[in-house]
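Chemist: Numbering (full-length UniProt numbering), first residue to last: 1 to 120. Here a beta-carbon is modelled for each residue, glycine too, at the ideal position from N, C-alpha and C. Please read all numbers here as calculations on a predicted model, not as lab measurements. Quick one: the structure is below, and I'll ask about it shortly.
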Amino acid sequence: MLLAFTAIDEYGHSRDFSWWFTSLEFALDVMSSLSAKGKQIVKAELIDNDRSIQLPVDGFDGKLFSTPIKQLENEWQQLLKAPVSQRYIPVEPGAVSAGDFYFPLFDEQAWDMATVKFED
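See the structure below:
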């Protein structure tokens with residue numbers, strides 16, 4: 001995967017860069033680290049195979065991406081390991097109206113309920 005971006009350094013000079021990365025998290029961490037060191041990212045594009053996507057440069061605020069992405073990955077892995085019977089709370093017939101959908105937010109210690117409203 002190729003990361004191409006334009007940055008303005010602390011002296012106001014604009015420079016174009018491109019780097020090959022194997023990990024998206026690492027590429028995002030590098031961009032955020034550059035921002036933390038005073039570089040202003042003005043354009044960023046991620047290119048992989050024949051596809052590309054413009055990245056929102058406001059997201060590079062000096063905070064690392066790898067830690068929250070890894071936490072999210074761990075949560076999904078735990079979720080996928082749980083038996084189906086532990087993922088869902090049975091709902092009595094008629095307890096849910098057509099406009100509401102109830103689902104559990106997964107927490108190993110407790111079940112929280114959240115409501116999502118769908119527009120008809």
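1) So, for Gln109: in the same chain, excluding its five sequence neighbours on each side, which residues have a beta-carbon less than 6 Å away from its beta-carbon?
2) For the alpha helix (DSSP H) holding Phe26, just list the boundary residues, first then last.
3) Look at the Cβ atom of Asp48, then the Cβ atom of Met1, and state whether they are nearer than 8 Å.
4) Give me the DSSP bridge partner(s) of Glu45.
5) Let me confirm a value: Ser23 is counted as buried when at least 16 other C-beta atoms fall within 10 Å, else exposed. Which label applies?
6) Assuming Asp9 is part of the beta strand (DSSP E), what are its boundary residues?
7) For Thr6, tell me which candidate among Gly12, Gly38, Val42 and Leu28 has the shortest Cα-Cα distance.
8) Determine the burial state of Leu3: buried for a count of at least 16 other Cβ atoms within 10 Å of its Cβ, exposed for fewer.
9) Give a yes or no on whether the C-beta atoms belonging to Ser66 and Glu25 are separated by under 8 Å.
10) Could you check which residue in Leu28, Leu72 and Gly62 has the C-alpha nearest to that of Leu46?
11) Following the continuous alpha helix (DSSP H) through Lys39, name the residue where it begins and the one where it ends.
12) Given Lys70, which residues of its chain have a CB within under 8 Å of its CB, disregarding the five upstream and five downstream residues?
Modeler: A quick look at the data gives this:
1) The residue given as residue 109 occupies position 109 in the sequence shown. With a pLDDT of only 41 at Gln109, under the threshold of 50, the placement of this residue in the model should not be trusted, and no figure is reported.
2) For this step, residue 26 is matched to residue 26 along the sequence shown. Segment Leu24 to Ala36, the alpha helix (DSSP H) holding Phe26.
3) As a first step, residue 48 must be located in the sequence shown, where it is residue number 48. As a first step, residue 1 must be located in the sequence shown, where it is residue number 1. Result yes, Cβ atoms of Asp48 and Met1 sit closer than 8 Å.
4) By one-based count along the sequence shown, residue 45 stands at place 45. Beta-bridge pairing links Glu45 to Ala4 and Gln54.
5) In the sequence shown, counting from the first residue as 1, residue 23 sits at position 23. So Ser23 ends up on the exposed side.
6) Counting from one through the sequence shown, the residue named residue 9 turns up at place 9. Looking at the DSSP string, Asp9 is not in any beta strand (DSSP E), and its letter there is neither H nor E.
7) For the purposes of this step, residue 6 is identified with residue 6 of the sequence shown, where counting begins at 1. The candidate whose alpha carbon is nearest that of Thr6 is Val42.
8) Taking the sequence shown and counting its residues from 1, one reaches residue 3 at position 3. With 16 or more other Cβ atoms within 10 Å, it is buried.
9) Here residue 66 refers to the residue found at position 66 when the sequence shown is read from its first residue. Here residue 25 refers to the residue found at position 25 when the sequence shown is read from its first residue. Contact flag set, yes.
10) As a working note, residue 46 is residue 46 in the sequence shown. When only C-alpha atoms are compared, the closest one is Leu28.
11) Position 39 of the sequence shown, counted from the start, is the residue given in the question as residue 39. Note, Lys39: premise wrong, no alpha helix (DSSP H); not H, not E.
12) Here residue 70 corresponds to residue number 70 of the sequence shown, with the count starting at 1. Contacts found: Glu25.
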